[in-house]
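Novice: Got a structure here, written out as structure tokens. Questions coming.
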Amino acid sequence: MSTSTLPQNKDAVTYTLDAKLVSNIEKLADQFPDKHSAILPALHIIQDEFNWIPPESVNQLCDILDTTPNKIYSVLTFYTMFHTKPVGKYHIQVCRNVSCSLMGASNLIEHLTQKLNIQPGETTPDGKFTLSLVECLGACGNAPVMMLNDRYHENLTADKIDDILKSLE
Amino acid sequence: MIEEKKVLTRHADSPGMIDVKNYIKDNGYKGLEKALEKKPLDIVEEVKKSFLRGRGGAGFPTGFKWSFIPTDKTKPHYLICNADEGEPGTFKDRVIMENDPFLLIEGMTIAAYALQADLGFIYIRGEFKWIAEILERAIQDARKVNMLGENIMDKGFDFDLIVMRGAGAYICGEETALIESIEGKRGQPRIKPPFPANSGLYGCPTIVNNVETLASIPFIAEHGAETYKLMGGFQAAGTKLYGISGHVNRPGVYEYPLGTNLKDLIQYAAGGVRNDKKLKAVIPGGLSATILKEDEIDIPMDFDSCVKADTMLGSGGVIVMDEDTPIPEIALATINFYVHESCGQCTPCREGLAKIQQILKILLAGNGTIQDIDTIIKLANTIDGTTLCPLGEAGGAVIRAMIKKFRSEFDALVS
Ligand SMILES: Cc1cc2nc3c(=O)[nH]c(=O)nc-3n(C[C@H](O)[C@H](O)[C@H](O)COP(=O)(O)O)c2cc1C
Ligand code: SF4
Ligand code: FES
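Those sequence lines, one after another, are chains A and B.
Using the working numbering, the first residue of the first sequence is number 1, and each one after it goes up by one.
Using the working numbering, the first residue of the second sequence is number 1, and each one after it goes up by one.
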């Protein structure tokens, strides 16, 4: 796994799970008939903490859940929500599926690439924004739709996007 | 005119229902109360008689599915609620979970009693983080009032629930992939048989049902199969959530009796095509349902009528396109989705869909030939019947239908 050189990265030492997170994951594992079921929830916890899944945390997770890095990586790389590399502080994910396309998603994507000066899949050099295109977000009645980190923004227009970006400055 | 019927959405406009006290005050948990007076198998029978069919896409009769669970219990039984809501064009299950979480929890508790399940899971798509939190709070509250946990309603029945978030894989909506995912694995569909009812989660008897299916159970338990059947048409009982999106005046989720006419739904529920445009095409049941032309939509929206029209009710996600919509571009957005979501296990799905995508890109760039169009159809034909799960076949079939029904638009790309 590549460790990143993006500027917002903290020192690798900070990528260890503290005692509280470790105990949270242990508690979580206890509620399942098989503790491997805790892999996905634990990865969510780790990503909530670091914004991505650092290799150090995977090693710790192996100890807690009694498994191997191989197994964890084979799982986590299957799921698009997990990042094996750091993403920007603000992760913008625009839906490109059919209902959103019908309602003008491609214009919004164009607008965002111009505003942020990056292509989908890229992160701004200051590490602030990552732009991704994703499949249907389950909000088609309010298309077009994007996620900004954990939050949905619906019925988007170029103006609305400008307002949202401005509020992040 | 058509008439709305609010069973699953009766609380959609009353924000207080995420409080268990309000839910109970508004006649909540009446279904569970009645169910716990009966024998588990009597509930399975009642659900069979209700003609309830699964709302997750395939329309499998729910009571019939439940009857596959062994009655002599030798292992734990599990109940899984499929809240993956991944089918493009679908945004209906969230309406229940966001507004009326206890309706789902009550439905699951009744189902668990009928199936003698010890533990239940709600597997919700990872992006719906705030909805997972609503459900988790609701589960804690239900435990506090003795509606979950040990000795529910003092009737000696134990059952508990765990919410589990997916992580962005559409294929995890397929029930055996979902089970793999809960087990902490890559979400790749299993070979069937064995079916989950015999060997599912952790190798134990397991039932997977959609949110809307399970949320229909309290009504049946409270009012009985006969009353439930009064809604909907022959062999198409109950109500259905129809999510309508695309070029309409009022996109949204609407609850109508199963079998309500598609044309009427678009016209009256969703207010017709917006900007005074003409209708061009409709995808009636989520992206995996084949497209219908404007003159093919005068059909009842139930499982059998949709099959007769060579498409499917699927999730009831209706995607509406006006006269200006370029179908080849929709085809590209569609194939992009399937290629992205293929789990890669079956060669025809993995390679065949990627090849279709590649050719479509060439066609749309203006570099294609007539033969390319026919090649896509041939590729789709070769995928038919050769894949482990329906994803691969669906990906090819929906593109094939777009080409067959709107051939001139594809031909225009090469002339
Ligand atoms: C590729 C694929 C994706 C699916 N996605 C979903 C989904 O998001 N939600 C759902 O309830 N069912 C989905 N299903 C259907 C499930 O496999 C299963 O049939 C359903 O959850 C059973 O519930 P029901 O009997 O209540 O309909 C999907 C099936 C396939 C093949
Ligand atoms: S058909 Fe496609 S998605 Fe389904 S199991 Fe095969 S490769 Fe995976
Ligand atoms: S198509 Fe964009 S949210 Fe469904």
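Idealized CB from N, CA, C, for every residue including glycine.
It should be emphasised that the depicted structure is a prediction, and the values quoted were computed from it without experimental measurement.
(1) Check the Cβ-Cβ distances between B/Val211 and every residue of chain A, and say whether any is below 9 Å.
(2) Does the pairing of the region 87-99 of chain B with the region 136-147 of chain A give three or more beta-carbon distances under 8 Å?
(3) Could you compute how far the alpha carbon of B/Val414 sits from the alpha carbon of B/Leu363?
(4) Of all the CB atoms in chain A, is at least one closer than 9 Å to the CB of B/His77?
(5) What residues from the region 250-278 of chain B come within 7 Å of chain A, judged by C-beta to C-beta, listed N to C?
(6) Any C-beta of chain B sitting closer than 9 Å to the C-beta of A/Pro120?
(7) Distance check for B/Asp302 and B/Gly233, CA to CA, integer angstroms please.
(8) Relative to ligand 3, is the shortest distance from any of its heavy atoms to the C-beta of A/Leu131 smaller than 8 Å?
(9) For B/Lys361, I'd like the list of residues in its chain whose CB is within less than 8 Å of its CB, leaving aside the five on either flank, ordered along the chain.
(10) Do B/Ile335 and B/Gln357 have their C-beta atoms within less than 9 Å of each other?
(11) Hey, is A/Val94's beta-carbon within less than 9 Å of any beta-carbon in chain B?
(12) Looking at the unbroken alpha helix (DSSP H) that takes in B/Phe410, where does it start and where does it end?
(13) Name, please, each residue of chain D whose Cβ falls closer than 8 Å to the Cβ of B/Ser288.
(14) Below 8 Å, is the gap between the Cβ of B/Gly86 and the nearest heavy atom of ligand 1?
(15) Residues of chain B with CB under 7 Å from A/Phe78, in chain order?
(16) If you measure between the beta carbons of B/Gln345 and B/Pro189, is that distance less than 9 Å?
(17) Sort out for me which residues DSSP pairs A/Gly121 with in a bridge.
(18) Hey, B/Ser245 and B/Val307: beta-carbon distance below 9 Å or not?
(19) Taking only beta carbons into account, state which residues of the region 202-226 of chain B come closer than 8 Å to chain A, listed in chain order.
(20) Could you have a look at A/Gln93 and say whether DSSP puts it in helix, strand or coil?
(21) State the Cα-Cα distance for the pair B/Tyr113 and B/Leu148, rounded to the nearest angstrom.
(22) In terms of residue numbering, what span does the alpha helix (DSSP H) encompassing B/Glu136 cover?
(23) Taking CB distances under 9 Å as the criterion, tell me whether B/Gly246 reaches chain A.
(24) Name the DSSP bridge partner or partners of B/Leu24?
(25) Under the criterion of a Cβ to heavy atom distance below 8 Å, does B/Leu214 qualify as lining ligand 1?
(26) Is B/Gly57 near ligand 2, in the sense that its beta carbon is under 8 Å from a heavy atom of that ligand?
(27) For a test of your reading of the model: does the CB of A/Ala139 fall under 8 Å from any non-hydrogen atom of ligand 3? Yes or no.
(28) Mapping DSSP to helix, strand and coil, what is B/Glu45?
(29) Below 9 Å between beta carbons: does that hold for B/Phe51 and B/Lys240?
(30) Name the DSSP bridge partner or partners of B/Lys293?
(31) Exposed or buried, which one is A/Pro125 when buried takes at least 16 other CB atoms within 10 Å?
(32) State buried or exposed for A/Ile46, treating a residue as buried only when at least 16 other CB atoms are found within 10 Å of its CB.
(33) Going by other Cβ atoms of all chains shown within 10 Å of its Cβ, with 16 needed for buried, is B/Glu323 buried or exposed?
(34) Under 8 Å Cβ-Cβ, which residues of chain A neighbour B/Ile181?
(35) Any C-beta of chain B sitting closer than 9 Å to the C-beta of A/Glu135?
(36) Under DSSP, the beta strand (DSSP E) around B/Pro257 begins and ends at which residues?
Specialist: Put simply:
(1) Position 211 of the second sequence, counted from the first residue, corresponds to residue 211 of chain B. Not closer than 9 Å to any Cβ of chain A, the Cβ of B/Val211 fails to qualify, so no.
(2) yes
(3) Taking the second sequence and counting its residues from 1, one reaches residue 414 of chain B at position 414. Taking the second sequence and counting its residues from 1, one reaches residue 363 of chain B at position 363. So the two alpha carbons sit approximately 7 Å from each other.
(4) Here residue 77 of chain B is taken as the residue at index 77 of the second sequence, counted from 1. With 9 Å as the cut-off, B/His77 does not count as an interface residue toward chain A.
(5) Pro251, Gly252, Val253
(6) Along the first sequence, one-based indexing puts residue 120 of chain A at 120. A/Pro120 does not count as touching chain B.
(7) Here the question's residue 233 of chain B lines up with position 233 in the second sequence. Here the question's residue 302 of chain B lines up with position 302 in the second sequence. Annotation: B/Gly233 to B/Asp302 spans about 8 Å, alpha carbon to alpha carbon.
(8) Working through the first sequence from its first residue, we reach residue 131 of chain A at position 131. A/Leu131 Cβ: outside cutoff for every heavy atom of ligand 3.
(9) In the second sequence, the residue the question calls residue 361 of chain B occupies position 361. Leu332, listed in sequence order.
(10) In the second sequence, the residue the question calls residue 335 of chain B occupies position 335. In the second sequence, the residue the question calls residue 357 of chain B occupies position 357. Yes, Cβ-Cβ distance for B/Ile335 and B/Gln357 is below 9 Å.
(11) Here residue 94 of chain A refers to the residue found at position 94 when the first sequence is read from its first residue. So no, A/Val94 is outside the interface.
(12) Along the second sequence, read from residue 1 onward, the residue named residue 410 of chain B stands at position 410. Its alpha helix (DSSP H) spans residues 407-411.
(13) Absent from the structure: chain D. Protein chains present are A and B.
(14) Translated into the one-based positions of the second sequence, residue 86 of chain B becomes position 86. True, at least one ligand heavy atom lies under 8 Å from that Cβ.
(15) Residue numbering aside, residue 78 of chain A sits at position 78 when the first sequence is read from its first letter. Here the neighbours are Ala169, Arg186, Gly187.
(16) The residue you call residue 345 of chain B lines up with position 345 of the second sequence. The residue you call residue 189 of chain B lines up with position 189 of the second sequence. Contact flag set, yes.
(17) Taking the first residue of the first sequence as 1, we reach residue 121 of chain A at position 121. According to DSSP, A/Gly121 bridges with nothing at all.
(18) Indexing the second sequence from 1 puts residue 245 of chain B at position 245. Indexing the second sequence from 1 puts residue 307 of chain B at position 307. Not in contact: B/Ser245 and B/Val307 (Cβ atoms no closer than 9 Å).
(19) Tyr202
(20) Translated into the one-based positions of the first sequence, residue 93 of chain A becomes position 93. Strand, per DSSP.
(21) The residue labelled residue 113 of chain B in the question sits at position 113 within the second sequence. The residue labelled residue 148 of chain B in the question sits at position 148 within the second sequence. Their backbone Cα atoms lie some 11 Å apart in a straight line.
(22) To locate residue 136 of chain B, count along the second sequence from 1; it is residue 136. From DSSP, the alpha helix (DSSP H) with B/Glu136 extends over 129-144.
(23) As a first step, residue 246 of chain B is located in the second sequence; it is residue number 246 there, counting from the start. For B/Gly246, the answer is yes, since a Cβ of chain A falls inside 9 Å of its Cβ.
(24) What you label residue 24 of chain B is simply residue 24 of the second sequence in a count that begins at 1. It is worth fixing the name first, because residue 24 of chain B is Ile in this sequence and not Leu. In DSSP, B/Ile24 forms no bridge with anything.
(25) One-based indexing of the second sequence puts residue 214 of chain B at position 214. Yes, the beta carbon of B/Leu214 sits closer than 8 Å to at least one heavy atom of ligand 1.
(26) Numbered from 1 along the second sequence, position 57 holds the residue referred to as residue 57 of chain B. No, the beta carbon of B/Gly57 sits no closer than 8 Å to any heavy atom of ligand 2.
(27) On the first sequence, residue 139 of chain A is found 139 positions in, with the first residue counted as 1. Under cutoff, so the answer is yes.
(28) For the purposes of this step, residue 45 of chain B is identified with residue 45 of the second sequence, where counting begins at 1. B/Glu45 falls in the helix class under three-state DSSP.
(29) Translated into positions along the second sequence, residue 51 of chain B becomes position 51. Translated into positions along the second sequence, residue 240 of chain B becomes position 240. Against a cut-off of 9 Å, the Cβ pair of B/Lys240 and B/Phe51 comes out as no contact.
(30) Counted from its first residue, the second sequence places residue 293 of chain B at position 293. Note: B/Lys293 sits in a beta bridge opposite B/Ala281.
(31) Residue mapping note: residue 125 of chain A aligns to position 125 of the first sequence, counting from 1. Per the 10 Å Cβ criterion, exposed.
(32) As a working mapping, residue 46 of chain A is identified with position 46 in the first sequence. So A/Ile46 ends up on the buried side.
(33) By one-based count along the second sequence, residue 323 of chain B stands at place 323. Label assigned to B/Glu323: exposed.
(34) Here residue 181 of chain B is taken as the residue at index 181 of the second sequence, counted from 1. A small fix is needed here, since residue 181 of chain B is Ser in this sequence, not Ile. Within 8 Å Cβ-Cβ: Leu40.
(35) Residue mapping note: residue 135 of chain A aligns to position 135 of the first sequence, counting from 1. True, the Cβ-Cβ gap to chain B drops below 9 Å.
(36) For the purposes of this step, residue 257 of chain B is taken as the residue at position 257 of the second sequence. From DSSP, the beta strand (DSSP E) with B/Pro257 extends over 252-257.
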